[in-house]
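Residue numbers (the numbering used here): 103 to 257.
Working notes, beginning with the structure itself.
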Amino acid sequence: MIKAFIFDIDGTLIDSNDFHAEAWQKAFAKYGKKIAFEKIRPQIGKGADTLLPEFLTDQEIEKFGDEIADLRGKIFKREYMSRVKPFPKVRELFQKIKDDGKKVALASSSNEDEVEEYKKIADIEDLVEKSTSADDAEESKPEPDIFEAALKLLG
103 MIKAFIFDID
113 GTLIDSNDFH
123 AEAWQKAFAK
133 YGKKIAFEKI
143 RPQIGKGADT
153 LLPEFLTDQE
163 IEKFGDEIAD
173 LRGKIFKREY
183 MSRVKPFPKV
193 RELFQKIKDD
203 GKKVALASSS
213 NEDEVEEYKK
223 IADIEDLVEK
233 STSADDAEES
243 KPEPDIFEAA
253 LKLLG
């Protein structure tokens with residue numbers, strides 16, 4: 103019997119993937135790395151730990167990888183977060199799940215503060231029992247760590 107549902111957020115519940123790609127593109131450019139949107143876009147959904155090696159050498163990651171990731175977060179929040187919208191019927195879906203006596207958890211490679219903001223944007227704060235973020239995982243997607251953390255939280 104199904105007791106709970108675990109959802110990813112970006113690109114599943116929230117239409118944000120293009121914005122994330124643009125924020126990464128701008129962050130890379132600040133460090134002299136001109137990377138086409140079309141190269142970055144397929145990597146969205148991964149955390150910085152798995153995205154950065156797609157575009158930077160080990161030496162570059164060591165030197166300024168964390169700075170690029172931090173800058174990406176700042177750019178995203180400043181320039182794009184206010185433009186992010188939920189996909190249609192997200193609240194209705196979550197309400198149906200809750201009405202059926204099931205639990206809902208979110209599992210995202212985004213940072214915890216972004217996850218909290220997404221819950222507000224989608225108007226699902228009251229319908230989500232648990233959530234995990236990049237802060238709860240040793241490795242981000244495609245590794246299953248965030249989903250394993252969500253399962254553990256759900257019991």
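Idealized CB from N, CA, C, for every residue including glycine.
Got a sec? Which residues, its chain only, sit under 6 Å from residue i by beta carbon, not counting five neighbours each side?
i    : result
T152 : S242
F166 : Y133
E164 : none
On the DSSP letters alone, give me the boundaries of the alpha helix (DSSP H) that residue i sits inside.
i    : result
I177 : 168-177
L195 : 192-201
A251 : 247-256
K141 : 139-142
Considering only the alpha carbon of each residue, which of the options lies closest to residue i?
i    : options                : result
D168 : P155, K179, P144       : P155
P188 : N119, I104, A106       : N119
G147 : I170, F130, L158, I116 : I116
If I measure Cβ to Cβ from residue i and keep anything under 7 Å in the same chain, skipping five residues before and after, which residues do I get?
i    : result
D110 : A209, S210
Would you mind reading off the limits of the beta strand (DSSP E) that contains residue i?
i    : result
A106 : 106-109
Pull the bridge partners of residue i from the DSSP assignment, please.
i    : result
P188 : I116
K148 : I146
(message) Quick check on the DSSP output: what are the complete beta strand (DSSP E) runs of length 3 or more inside the segment 196-243, in order along the chain?
(response) Counting whole runs of 3 or more residues, the segment 196-243 contains the beta strand (DSSP E) stretches 205-209, 232-234.
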